[in-house]
């Protein structure tokens, strides 16, 4: 088993990342989250996903150890960007895991305060997760971004997920897509990643309704929690790519 102290090169192509001028980082388009084994990682990449998510939250049914994550990265033929999912994890632990696994992105999926972002090493791009109930005002996300910026660092992307009282994501519940409105008004140039109940049979409608920068799925392409369905992943990716092309043609 690989030693967790052995750092792996960051899973991000050299052209991805913050510009010297400080502009927002480029973001992937399609992320398959909750990868738990090398076979699913390779299948996700072969299907055309350009990012995979590794969940380090101990209560998740898709949790992986650091050793397992390194095994996935080594054996999964990963050319996709690597995203680490963390929930209320101490910053030193985030850094240890991110460097050991070679993460490109740190996804803060818990209740981290705005000032927490400025503690993350600048070499890692940050996805800040905001969970919404039906009827919630999404413009409050803009207020949260402003608070993060005032505290020292804004996120490089915002992921919108459905709120659950029991889980931090991965529930299969959908967000009120129409309720997000014109998200560029409250997000500005920060990319929106849409998650929450996305499946092969609804991702096209979600993309054409919300016009996100990227989409993220976990349970929507599974045959069991933590076990991906190869055909579902392929159909999801193909459908999402076509919807992104349709959105671009229609002048999103």
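In full-length UniProt numbering, the protein residues as written are 1 to 252. In this text, a Cβ means the ideal position worked out from N, Cα and C, and glycines have one as well.
Quick one: grab the DSSP three-state call for residue 217.
As a working note, residue 217 is residue 217 in the chain shown. Strand at residue 217.
Would you check if the distance between the CB atom of residue 247 and the CB atom of residue 207 is smaller than 7 Å?
Within the chain shown, numbered from 1, the residue matching residue 247 stands at position 247. Within the chain shown, numbered from 1, the residue matching residue 207 stands at position 207. For residue 247 and residue 207, yes; Cβs fall inside 7 Å.
Within this structure, are the beta carbons of residue 175 and residue 128 separated by less than 7 Å?
In the chain shown, counting from the first residue as 1, residue 175 sits at position 175. In the chain shown, counting from the first residue as 1, residue 128 sits at position 128. No, Cβ-Cβ distance for residue 175 and residue 128 is not below 7 Å.
Mind checking residue 254: buried by the 16 CB within 10 Å criterion, or exposed?
An answer regarding residue 254 cannot be provided, because it is not within the stretch 1 to 252 covered by the chain.
Starting from the C-beta of residue 143, find all residues in its chain whose C-beta is less than 6 Å away, skip the five residues before and the five after it, and write them out in chain order.
Within the chain shown, residue 143 is the residue found at index 143, counting from 1. No residues qualify anywhere along the chain.
Return helix, strand or coil for residue 28, following the three-state DSSP convention.
For the purposes of this step, residue 28 is taken as residue 28 along the chain shown, with counting starting at 1. Reduced to three states, the DSSP call for residue 28 is coil.
Should residue 107 go down as buried or exposed, given a rule of 16 or more other Cβ atoms within 10 Å for buried?
Taking the chain shown and counting its residues from 1, the one referred to as residue 107 is at position 107. Its Cβ being crowded by 16 or more others within 10 Å, residue 107 is buried.
Just grab the DSSP bridge partners of residue 53 for me.
Walking along the chain shown from the start, residue 53 turns up at place 53. The partner list for residue 53 (beta bridge, DSSP) reads 83.
Got a sec? Which residues, its chain only, sit under 7 Å from residue 201 by beta carbon, not counting five neighbours each side?
Your numbering for residue 201 matches position 201 in the chain shown. None.
Helix, strand or coil, according to DSSP, for residue 92 in the structure here?
Position 92 of the chain shown, counting from 1, holds the residue named residue 92. Looking at residue 92 - three-state DSSP - the assignment turns out to be helix.
I need the DSSP call for residue 206, collapsed to helix, strand or coil.
Along the chain shown, one-based indexing puts residue 206 at 206. Residue state, collapsed to three classes: helix.
Hey, is the stretch 90-104 in contact with the stretch 128-137, meaning 3+ C-beta pairs nearer than 8 Å?
With a cut-off of 8 Å, the stretch 128-137 and the stretch 90-104 do not count as touching, because too few Cβ pairs lie within range.
Going by C-alpha distance, which of 30, 67, 242 and 91 is nearest residue 81?
To locate residue 81, count along the chain shown from 1; it is residue 81. The shortest Cα separation from residue 81 among 30, 67, 242 and 91 belongs to 30.
Just to confirm the assignment, what range does the beta strand (DSSP E) spanning residue 260 have?
Coverage of the chain is limited to positions 1 through 252, which leaves residue 260 absent and any answer about it impossible.
Mind checking residue 232: buried by the 16 CB within 10 Å criterion, or exposed?
Residue numbering aside, residue 232 sits at position 232 when the chain shown is read from its first letter. Classification for residue 232: buried.
Indicate the three-state DSSP secondary structure (helix, strand or coil) for residue 104 in the structure shown.
For the purposes of this step, residue 104 is identified with residue 104 of the chain shown, where counting begins at 1. Note: residue 104 maps to coil in three-state DSSP.
Excluding the five sequence neighbours on either side, which residues of its own chain have a C-beta within less than 7 Å of the C-beta of residue 177, listed in chain order?
Taking the chain shown and counting its residues from 1, one reaches residue 177 at position 177. These residues qualify, in order along the chain: 206, 209 and 210.
Are residue 183 and residue 192 close, meaning C-beta to C-beta below 7 Å?
For the purposes of this step, residue 183 is identified with residue 183 of the chain shown, where counting begins at 1. For the purposes of this step, residue 192 is identified with residue 192 of the chain shown, where counting begins at 1. Yes, Cβ-Cβ distance for residue 183 and residue 192 is below 7 Å.
Can you tell me whether residue 161 is helix, strand or coil according to DSSP?
The count along the chain shown starts at 1 and reaches residue 161 at position 161. It is a strand residue.
Hey, how far is the Cα of residue 34 from the Cα of residue 115?
By one-based count along the chain shown, residue 34 stands at place 34. By one-based count along the chain shown, residue 115 stands at place 115. Cα-Cα distance, rounded: 27 Å.
Is any heavy atom of the ligand MG found at a distance shorter than 6 Å from the C-beta of residue 185?
Looking for the ligand MG in the displayed structure turns up nothing, as the structure carries no ligands at all.
Which residues in the same chain as residue 79 place their Cβ atom closer than 7 Å to its Cβ, once the five residues preceding and following it in sequence are excluded?
The count along the chain shown starts at 1 and reaches residue 79 at position 79. 45, listed in sequence order.
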